[in-house]
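The working numbering puts the first residue of the sequence shown at 5, with every later residue one more than the last. Have a look at the structure below, then the notes.
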Amino acid sequence: MNFHDSERLAGLLEAEGYIRADSDASADLVVINTCSVREKAEEKLYTRLGEIRQAGGDSRRTPVVAVAGCVAQQEGDRLLRRQAPIDVVVGTQSLKRLPALVDEALALQRTRVDVNPYEDVSFPLGVVRHSDPIRAWVTIIEGCNEFCAFCVVPYTRGHERMRPVCDLLAEVEQAAATGHVEIQLLGQIVNHYQAPDDPSCDFAGLLERVSAVPGIARIRFASPHPRHVTDRLIGAIRDLPAVCKHLHLPVQSGSNRMLAAMRRRHTREDYLSLVERLRAAVPSIALSTDIIVGFPGETDADFEHTLDLVRRAEYQSMYSFKYSPRPNTLAGKRLPDDVTEAEKTRRIQALQALQRDIQMASFRRAVGTVETVLVDSLSRRRSWELAGRTSGNAVVNLPGPADWLGRFVPVRITEVMPNSLRGEAAGPAVDRRRPDDTVAGKFPTAGHAHAGGCHAD
Ligand code: 5AD
Ligand code: SF4
């Protein structure tokens, strides 16, 4: 979501006549879009500010610096106390005010701060600067009302607000018209969507409408909440060919005691029975998840429950995190961070080792099968080497010509790599973009996207 907010900020600035600079040193304006979901993400802001100050160096030429996003929202004018070179602080809910705030800061020679958390979610349509020619991100919900005990999001993004379906479809249409074949719908609880302008359009209904837009051949979404996975949603994943057979389903812990302390409002039994229902309806579905280790009070026995759930759910990939206390949250205020750093490290390593084995076993089962791969990048090192993703979101590397970028290729899987698969074309590449588009030459190189697999923080 932050990545997409950066695309929106870039689009807003371009609409005002700004052009992209090559480096900090040549930029007149630097916008740092921040994340505060974990402590490490937040620290990056201060590292980045230091780099910008250094890049100015002896020339004494300092760009205007704007800090946007969740740390801006959370800290507001407290950010200015650190004597950092900041001219504008713009919160998650005031992004569209960025160009005006920069103008004011320049005109008044004063720092401008806008962290109004109550602004509506309407956003100027058509200003996004899409940074990827194949997939386009579309925010459908802002904010969250769940208040999980560890999570800062309800405080940084505010309460849940849904965007009108007519705006969303206009964005999807525009993305399709510029050659994008894949849409990624974004929201903190994306499957809680209910169109404010059409009572008949829930999240499953939205998937139907997006898949009816000509030129859209793949739809992904992040992140659904296990509590809101309805039969209608499972039916949409099963029946709509454009909807990818992949579900990112954050579980956070396999221990009911921890889930209750985290205020997740689902149990391990609820979760595992949902996994069963999903696999019964869509046998090929690939699942991924988020897990936190070392939440306050987590014992060895709790952690064993997490390992056990991971074995049962058989995720294709996993994002795992060591707990870090966050400002304003229930856990941050009330629960001592009592699992030692060494123990958090031991647990995350054990979890990732287990997940690696599960992923390797699932990858090995794929060898010999034919998967449809949407080619989305070129290798930086080898000109004939391409990469793409299966519907289940596995990364596949294959040899092929550069003009396969953006096309769907049937690929026979031949080999398992540490975090991806290798294969070779087993049929012709199919172009499913709208016919009149010219998007050649705008493709990213491999390494731009995340590979699947374990991610540590
Ligand atoms: N500490 C560690 N991990 C966290 N996450 C959210 N808040 C915290 C925290 N305080 C993780 C959750 C969430 C993902 C986006 O980040 O697993 O799903
Ligand atoms: Fe945070 Fe997700 Fe919980 Fe909302 S549902 S509070 S975004 S972890």
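Cβ coordinates follow ideal geometry from the N, Cα and C atoms, glycine included.
> Quick one: is the Cβ of S288 within less than 7 Å of any heavy atom of the ligand 5AD?
Replying inline: no
>> Counting C-beta neighbours from all protein chains within 10 Å, is the total for R411 16 or more, i.e. buried, or is it exposed?
In response: buried
>> the ligand SF4 and F412: does the residue's C-beta get closer than 7 Å to at least one heavy atom of that ligand?
In response: no
> For I295, which three-state DSSP category applies?
Replying inline: strand
>> Can you tell me where the alpha helix (DSSP H) holding G239 begins and where it ends?
In response: D235 to D243
>> Quick check: the Cα distance between V106 and G73, rounded to an integer number of angstroms?
In response: 15 Å
> Under the criterion of a Cβ to heavy atom distance below 7 Å, does P254 qualify as lining the ligand 5AD?
Replying inline: yes
>> If you follow the beta strand (DSSP E) that G392 is in, where does it begin and where does it stop?
In response: E389 to R393
> DSSP on G73, reduced to helix/strand/coil?
Replying inline: strand
>> So, for P67: in the same chain, excluding its five sequence neighbours on each side, which residues have a beta-carbon less than 8 Å away from its beta-carbon?
In response: D28, A31, D32, L33, V34, I56 and G60
> If you draw a straight line from the alpha carbon of N120 to that of P300, how long is it in whole angstroms?
Replying inline: 32 Å
> At which residue ranges does the stretch 85–151 contain complete beta strand (DSSP E) runs of 3 or more residues, listed in the order of the chain?
Replying inline: 92–94, 116–118 and 139–143
> Cα-Cα, which of R86, Q77, R82 and E79 is closest to G54?
Replying inline: R86
> Expressed to the nearest angstrom, what Euclidean distance is found between the alpha-carbon atoms of F255 and M266?
Replying inline: The sequence shown places Val at residue 255, not Phe. Looking at the two C-alpha atoms, the distance is approximately 11 Å.
>> Please enumerate, following chain order, all residues with a beta carbon closer than 5 Å to at least one heavy atom belonging to the ligand SF4.
In response: C148, E150, C152, C155, V157 and Q192
> Taking the DSSP output, what are the residues bridged to P218?
Replying inline: Paired residue(s): none; P218 is not in a bridge.
> Can you tell me the Cα-Cα spacing of V314 and A357, whole angstroms?
Replying inline: 11 Å
> Quick one: what's got a C-beta closer than 6 Å to I241's C-beta in the same chain, skipping five residues either side?
Replying inline: V247 and V286
> Which of the three DSSP states, helix, strand or coil, is assigned to T442?
Replying inline: Residue confidence for T442 is low, a pLDDT of 47 falling below 50, so the modelled location carries little weight and cannot support an answer.
> How would you call F307, buried or exposed, if buried means at least 16 neighbouring beta carbons within 10 angstroms?
Replying inline: buried
>> Output needed for A109: all residues of its chain with C-beta closer than 6 Å, excluding positions within five of it in sequence on either side, in chain order.
In response: D91, V92 and R116
> CA-CA distance, R52 and E43?
Replying inline: 15 Å
> Is K337 buried or exposed, if buried means 16 or more other CB atoms sit within 10 Å of its CB?
Replying inline: exposed
>> Taking the beta carbon of M5 as the centre, do at least 16 other beta carbons fall within 10 Å, making it buried, or is it exposed?
In response: buried
>> Using a Cβ-Cβ cutoff of less than 7 Å, which residues in the same chain neighbour E212 once the five nearest sequence positions on both sides are dropped?
In response: A240 and L244
> Between the C-alpha atoms of G372 and P414, what's the straight-line distance to the nearest angstrom?
Replying inline: 12 Å
>> Determine whether the beta carbon atoms of A179 and A140 lie at a separation below 8 Å.
In response: yes
>> Below 7 Å, is the gap between the Cβ of S98 and the nearest heavy atom of the ligand 5AD?
In response: no
>> Out of Q320, R316, Y323 and T344, which one is the CA nearest neighbour of P329?
In response: T344
>> Quick check: is any heavy atom of the ligand 5AD less than 7 Å from the C-beta of S328?
In response: yes
> Is DSSP giving R176 helix, strand or coil here?
Replying inline: The question names Arg, but residue 176 in the sequence shown is Val. Three-state result, V176: helix.
>> Can you list, in chain order, the residues of its chain with a C-beta nearer than 7 Å to that of V420? Leave out the 5 residues immediately preceding and following it.
In response: M364, F367, R368 and V371
> Per DSSP, what kind of secondary structure is F225 in: helix, strand or coil?
Replying inline: strand
> Considering P414, what are the terminal residues of the beta strand (DSSP E) in which it resides?
Replying inline: F412 to V420
> Can you name, in chain order, every residue of its own chain whose Cβ lies under 6 Å from the Cβ of V75, other than the five neighbours on each side?
Replying inline: T38, S40, E46 and L49
>> Helix, strand or coil for E308? Go by DSSP, reduced to three states.
In response: helix
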